[in-house]
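Protein chains in written order, with the numbering used here: chain A, 33 to 145; chain B, 19 to 128.
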């Protein structure tokens with residue numbers, strides 16, 4: 033069966049520090065991968081998605097970047113965090129053969145102080 | 019921008035009652051999905067309805083879709099305290115992406 037992991041689960045970082053959040057998927061090949069951010073009490077904002085290794089599409093201009101160094105690994109990064117980067121970050125995947133339903137990881141709660 | 023808009027934003031009911039949540043969207047879609055999120059957790063897919071379907075059932079869930087009104091509803095029958103969560107609709111188009119609404123917070127009181 034397929035599983036998706038995110039780490040860390042929670043993170044408190046000072047403004048101006050770098051960020052690296054990792055997402056990995058097990059039990060599938062060539063998934064589509066997604067990064068979302070959820071502000072408190074809000075819906076999900078799509079940040080990045082990837083249809084293959086090294087292929088990244090950015091949805092909104094921002095302080096963040098994403099990379100996909102391996103087929104089932106998706107990394108969200110920042111060189112210098114802003115206060116506004118605080119939020120709940122969710123990774124999701126869809127199977128290569130069925131791109132409709134998304135399966136979400138447990139999320140990473142980021143607090144920038 | 020968020021295409022789906024859920025209504026109401028919050029709903030509080032007693033255990034055993036039915037809960038109805040609505041979703042409106044703006045552009046044409048291929049499918050509409052409902053997801054559930056427990057506090058502080060990831061989203062879980064509940065049900066998908068395609069643009070050529072009008073109603074779908076899954077256990078205690080019933081989803082309707084009216085493409086002429088660009089709206090959908092999610093009905094949870096005989097609610098339980100464990101149904102307490104946020105519920106999101108998401109619209110899928112011709113690309114790989116989903117657009118989520120802001121969600122309805124459902125509280126089921128025992």
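All C-beta atoms in this analysis are idealised placements derived from N, C-alpha and C, irrespective of residue type, glycine included.
In this text the structure is predicted, and so the values were computed from the model without any measurement.
{"Item": "If you reduce the DSSP assignment to three classes, tell me which class residue 113/A lands in.", "Value": "coil"}
{"Item": "Excluding the five sequence neighbours on either side, which residues of its own chain have a C-beta within less than 7 Å of the C-beta of residue 40/A, listed in chain order?", "Value": "140"}
{"Item": "Starting from residue 81/A, find everything on chain B with Cβ-Cβ shorter than 8 Å and list it in chain order.", "Value": "114 and 115"}
{"Item": "Give a yes or no on contact between the stretch 38–53 of chain A and the stretch 120–140 of chain A, applying the rule of three or more CB pairs nearer than 8 Å.", "Value": "yes"}
{"Item": "Which value, in whole angstroms, describes the spacing of the CA atoms of residue 94/A and residue 73/A?", "Value": "21 Å"}
{"Item": "Any C-beta of chain A sitting closer than 8 Å to the C-beta of residue 42/B?", "Value": "no"}
{"Item": "Is the beta carbon of residue 81/A closer than 8 Å to that of residue 65/A?", "Value": "yes"}
{"Item": "Find the residues of chain A that neighbour residue 49/B, judging by a C-beta separation of less than 8 Å, and give them in chain order.", "Value": "132"}
{"Item": "Is any beta-carbon of chain A found at less than 8 Å from that of residue 120/B?", "Value": "yes"}
{"Item": "Among all the DSSP beta bridges, which residues are the ones paired with residue 107/A?", "Value": "54/A and 99/A"}
{"Item": "Looking at C-beta atoms only, is the number of pairs between the stretch 25–38 of chain B and the stretch 127–141 of chain A that lie closer than 8 Å three or more?", "Value": "no"}
{"Item": "Using beta carbons (cut-off 8 Å, strictly below), is residue 20/B in contact with chain A?", "Value": "Annotation note: pLDDT 48 at residue 20/B (below 50); position unreliable, coordinate value reported separately. Judged by the 8 Å Cβ criterion, residue 20/B is in contact with chain A."}
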